[in-house]
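Numbering (this note's numbering), first residue to last: 125 to 253.
First comes the structure, then the notes that go with it.
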C-alpha cells in the first residue's frame, strides 16, 4: 500500500507548509476568525495525513486491504473537501463553498468507521482461527 504512504506524507508536508503560511503570511491579511478557520483546516489535514500513513502500516497486520483502501480513500476525500473548502473560504472569501465542508467531515467519519470495521473484523477472525 504505497499510495496511502505517499499521499499521507504529501498532505503532512503541505499541512506544515500551510500552517507556517497561516501563522506568518496571513496574520495581517485576514481576521482572527479566518485564522482560526485556516488553522482548523491545517489541523484536520495533518490528522488525516497521519491516518493515511496508518492505513498503509496497518495493511501489514492482516486487516482487510479492501476496507483499508476504502478508509484511505475517504480520508483523502475528507482532506480535499473539508480542509480544501476551508482554505478556499479563507483565501478567496467565496461563501458558497462553505456547505462543502460538512461533506468532508462525513468522509472523515466514514473513513474512521471503515478503519474500525477492519480492526473489529481482524479481531473476530483471530478468535475464530
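No residue lacks a Cβ here, since even glycine has one placed at the ideal position from N, Cα and C.
Note that the structure is a prediction, hence the values are computed from the model and not measured.
ask   = If we ignore side chains and look at the alpha-carbon of each, how far apart do residue 212 and residue 140 end up?
value = Between residue 212 and residue 140, the C-alpha separation is close to 17 Å.
key: Residue environment, residue 223, which counts as buried when at least 16 other CB atoms sit within 10 Å   = exposed
request  = Could you check the C-alpha separation between residue 179 and residue 168 for me, to the nearest Å?
outcome  = 16 Å
request  = Note the first and the last residue of the continuous alpha helix (DSSP H) segment covering residue 210.
outcome  = Start and end: 208-216.
query = Since residue 197 is in the alpha helix (DSSP H), which residue starts that stretch and which ends it?
reply = 189-202
C-alpha distance - residue 163 paired with residue 215, whole-angstrom precision = 12 Å
key: Outcome for residue 209 when other beta-carbon atoms lying within 10 angstroms are tallied against a minimum of 16   = buried
request  = Flag this pair as yes or no: are the beta carbons of residue 165 and residue 199 separated by less than 7 Å?
outcome  = no
request  = Would you kindly check if the distance between the Cβ of residue 195 and the Cβ of residue 231 is under 7 Å?
outcome  = no
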